[in-house]
Amino acid sequence: MNNIILIGFMGSGKTTIGKLLAKEYSLEYYDIDEFIEENTKMSIPEIFKKAGESWFRDQEAFALTCLTDATNRLIATGGGIVERDENLETLKNGGTVIYLKASPDKLWTRAGKDPNRPLSTDLASFRKLFDRRKARYEAAADIVIDTGNLSVERTVEAIKKALADVNPTEE
0 MNNIILIGFM
10 GSGKTTIGKL
20 LAKEYSLEYY
30 DIDEFIEENT
40 KMSIPEIFKK
50 AGESWFRDQE
60 AFALTCLTDA
70 TNRLIATGGG
80 IVERDENLET
90 LKNGGTVIYL
100 KASPDKLWTR
110 AGKDPNRPLS
120 TDLASFRKLF
130 DRRKARYEAA
140 ADIVIDTGNL
150 SVERTVEAIK
160 KALADVNPTE
170 E
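Residue numbers (numbering that gives the first Met the number 0): 0 to 170.
Here is the structure:
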């Protein structure tokens, strides 16, 4: 099966949904943030503090390239994966890209003030970052799933249906 790559803003459910979908389709599960933490031996907040966001984005691009170099994987990306143009190309060539979409208010409720999310400081900054990335998520996506009013289970079902429509032979 082609890779399934989940993109979306922080709090959209990439990790939670990703683990369930990987199990459903018998795919290897990879979380890019976890991949980076394992390779650098630092937490994401530590990387931002010690090396800065630019260095983190370098690691993120490297991780995406490594993880899309094989098939049969479910890859949960970080929220900022769409920040770099090179990543958009890697996403497009790396598998079926699914954007888990929700409103900034819903995302803030889910993710705001989490100390492990270094770019989540206040609602105004959160919204500004969301607005900057929104069009890039949409441009990168093969499938868009609005998770705002869906339970985790219903989100998984919506993705399964969308994947069957996009890749009818890969159910």
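Glycine is no exception: its CB is placed at the ideal position from the N, C-alpha and C atoms.
Span of the beta strand (DSSP E), counted from its first residue to its last, around residue i
i: residue 27; result: 27 to 30
i: residue 74; result: 72 to 75
i: residue 80; result: Unbroken run through residue 80: none, as it is neither H nor E.
Distance CB(residue i)-CB(residue j) smaller than 7 Å
i: residue 96; j: residue 90; result: yes
i: residue 172; j: residue 109; result: The question about residue 172 has no answer here: the residues shown for the chain are numbered 0 through 170.
i: residue 72; j: residue 24; result: no
i: residue 171; j: residue 50; result: No answer is possible for residue 171: it lies beyond the span of the chain, which begins at 0 and ends at 170.
i: residue 13; j: residue 20; result: no
i: residue 130; j: residue 100; result: no
Boundaries (first-last residue) of the alpha helix (DSSP H) holding residue i
i: residue 155; result: 151 to 165
i: residue 46; result: 43 to 49
i: residue 16; result: 13 to 24
i: residue 67; result: Looking at the DSSP string, residue 67 is not in any alpha helix (DSSP H), and its letter there is neither H nor E.
Span separating the alpha-carbon of residue i from that of residue j
i: residue 107; j: residue 81; result: 19 Å
i: residue 139; j: residue 22; result: 24 Å
i: residue 137; j: residue 98; result: 7 Å
i: residue 170; j: residue 77; result: Any reading at residue 170 is ruled out, since the residue's pLDDT is 49, under 50, leaving its predicted position unreliable.
i: residue 104; j: residue 157; result: 22 Å
i: residue 165; j: residue 57; result: 31 Å
i: residue 1; j: residue 75; result: 14 Å
i: residue 152; j: residue 63; result: 27 Å
i: residue 125; j: residue 163; result: 34 Å
i: residue 79; j: residue 8; result: 7 Å
i: residue 85; j: residue 65; result: 14 Å
i: residue 160; j: residue 32; result: 27 Å
i: residue 148; j: residue 15; result: 16 Å
i: residue 27; j: residue 3; result: 10 Å
i: residue 150; j: residue 133; result: 22 Å
i: residue 37; j: residue 52; result: 17 Å
i: residue 123; j: residue 45; result: 24 Å
i: residue 141; j: residue 155; result: 16 Å
From the options, residue whose alpha carbon lies closest to that of residue i
i: residue 39; options: 161, 153, 54 and 27; result: 54
i: residue 175; options: 30, 67 and 71; result: Absent from the structure is residue 175, since the part of the chain shown begins at 0 and ends at 170.
i: residue 69; options: 47, 45, 123 and 94; result: 94
Near the ligand SAH: residue i beta-carbon under 6 Å from a heavy atom
i: residue 104; result: By its list of ligands, the structure shown contains no ligand whatsoever, and the ligand SAH lies outside what it can speak to.
task: Please go through the stretch 89 to 148 and give each complete alpha helix (DSSP H) segment of 4 or more residues, from N-terminal end onward.
output: 103 to 110 and 122 to 139
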